[in-house]
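> Protein chains in written order, with the working numbering: chain A, 225 to 338; chain B, 2 to 116. Have a look at this one.
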Amino acid sequence: DAGVIQSPRHEVTEMGQEVTLRCKPISGHDYLFWYRQTMMRGLELLIYFNNNVPIDDSGMPEDRFSAKMPNASFSTLKIQPSEPRDSAVYFCASSLKGRGTEAFFGQGTRLTVV
Amino acid sequence: AQSVTQPDIHITVSEGASLELRCNYSYGATPYLFWYVQSPGQGLQLLLKYFSGDTLVQGIKGFEAEFKRSQSSFNLRKPSVHWSDAAEYFCAVGPASGGSYIPTFGRGTSLIVHP
């Protein structure tokens, strides 16, 4: 398997624009996580899915953020409208069900909102 | 709620020296513990994990970690550091509840290796 695949790797957008980040998890994995990494706050869990169903979105900072998982092989994280403070690296990760199983991370999308 | 503390933001060592990165956790039951490494511009890669059995765990790249329940710690060690070990290291604990795996990460420790 190619691992967790995220696109794009880098995104530069203007404030107010819509941004969509994409993730393809490892085939067969049950869980999908979206994280945001910043210098100030470290690695924050935004939302996670179990079998394509959103379970906990309490980490989503504002209503401007939304995430979907229409099928087992694809998820999106959307920011609309984007703001400069959304600039960060966004990671997608996936894992199998079961205690002790680790999360596998994509390479991340570096988002810059100017 | 579970939590992880990595008390050192930065650690500087000379190449060839030994290394220990600290991790303390808070969790109500027997935890599942992980160490990840993040090289610049990359995602997080698993170094090792503990969930039962021998409290000394061996990982990739010559790393090991020891689970000490009495100290709520899971420190990462390496006997001889290589320049390529310079990276960000994250300790994580999970699961939260209900059998699902929701990792909680520490803030990370940045390792700087001097030649």
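The beta carbon of each residue, even a glycine, is placed where N, CA and C say it ideally should be. Keep in mind the model is a prediction, meaning the values are calculated, not measured.
(1) Taking the C-alpha atoms as reference points, what is the distance between THR244 (chain A) and ARG23 (chain B)?
(2) Name, in chain order, the residues that DSSP records as bridge partners for GLU238 (chain A).
(3) Between the Cα of SER306 (chain A) and the Cα atoms of A:SER231, A:TYR272, A:GLY252 and A:VAL236, which residue gives the shortest distance?
(4) Which of the three DSSP states is assigned to ARG309 (chain A) in this structure?
(5) What in chain B is Cβ-close to GLU326 (chain A), meaning under 7 Å?
(6) Relative to the C-alpha of PRO232 (chain A), which residue among A:PHE315, A:GLY322, A:SER319 and A:GLY324 is closest?
(7) Is it right to say ILE103 (chain B) is buried, meaning 16 or more other beta carbons lie within 10 angstroms of its own, or is it exposed?
(8) Can you look up GLN331 (chain A) in the DSSP assignment and give me helix, strand or coil?
(9) In this structure, what does DSSP give as the bridge partners for TRP258 (chain A)?
(10) With distances taken from CA atoms, which of B:ALA88, B:LEU45 and B:LYS62 is nearest ASP80 (chain B)?
(11) Is there a Cβ of chain A sitting closer than 8 Å to that of GLN43 (chain B), yes or no?
(12) What is the rounded straight-line gap between the Cα of SER98 (chain B) and the Cα of PRO116 (chain B)?
(13) Would you kindly work out how many angstroms separate the C-alpha atoms of THR6 (chain B) and GLY107 (chain B), rounded to a whole number?
(14) DSSP state of ILE103 (chain B), grouped into three classes?
(15) Going by Cα to Cα distance, which pick from A:GLY227, A:SER318 and A:GLY332 is closest to HIS253 (chain A)?
(16) Taking Cβ-Cβ distances shorter than 7 Å, what residues in chain B pair up with TYR272 (chain A)?
(17) Am I right that TYR339 (chain A) and PHE257 (chain A) are in contact with their C-beta atoms under 8 Å? What's the rounded C-beta distance?
(18) Rounded to whole angstroms, how far is the Cβ of VAL58 (chain B) from the Cβ of GLN46 (chain B), which I believe are closer than 8 Å?
(19) State buried or exposed for PRO249 (chain A), treating a residue as buried only when at least 16 other CB atoms are found within 10 Å of its CB.
(20) Opposite TRP84 (chain B) in the DSSP bridges: which residues?
(21) Since GLN331 (chain A) meets chain B, which of its residues come closer than 9 Å, beta carbon to beta carbon?
(22) Find the residues of chain B that neighbour GLY347 (chain A), judging by a C-beta separation of less than 9 Å, and give them in chain order.
(23) Report buried or exposed for GLU326 (chain A), applying the criterion of at least 16 other Cβ atoms within 10 angstroms of its Cβ.
The answer reads as follows:
(1) 37 Å
(2) Per DSSP, none; premise fails for GLU238 (chain A).
(3) A:VAL236
(4) helix
(5) PHE35, LEU47 and LYS50
(6) A:PHE315
(7) buried
(8) coil
(9) A:ILE271 and A:CYS316
(10) Strictly speaking, residue 80 (chain B) in this sequence is Pro, with Asp absent from that position. Cα-wise, what sits closest to PRO80 (chain B) is B:LYS62.
(11) yes
(12) Note that SER98 (chain B) scores a pLDDT of 49, beneath 50, so its modelled location is shaky; the value from the coordinates is reported in the next line. Answer to the nearest angstrom: the Cα atoms are 44 Å apart.
(13) 5 Å
(14) coil
(15) A:SER318
(16) ILE103
(17) The shown model of chain A, from 225 to 338, leaves out residue 339 (chain A), and the question about it has no answer.
(18) With 8 Å as the limit, VAL58 (chain B) and GLN46 (chain B) do not qualify as a contact, their Cβ atoms being about 16 Å apart.
(19) buried
(20) None; TRP84 (chain B) has no bridge partner.
(21) GLY42, GLN43 and GLY44
(22) Residue 347 (chain A) is absent from the structure shown; chain A starts at 225 and stops at 338.
(23) buried
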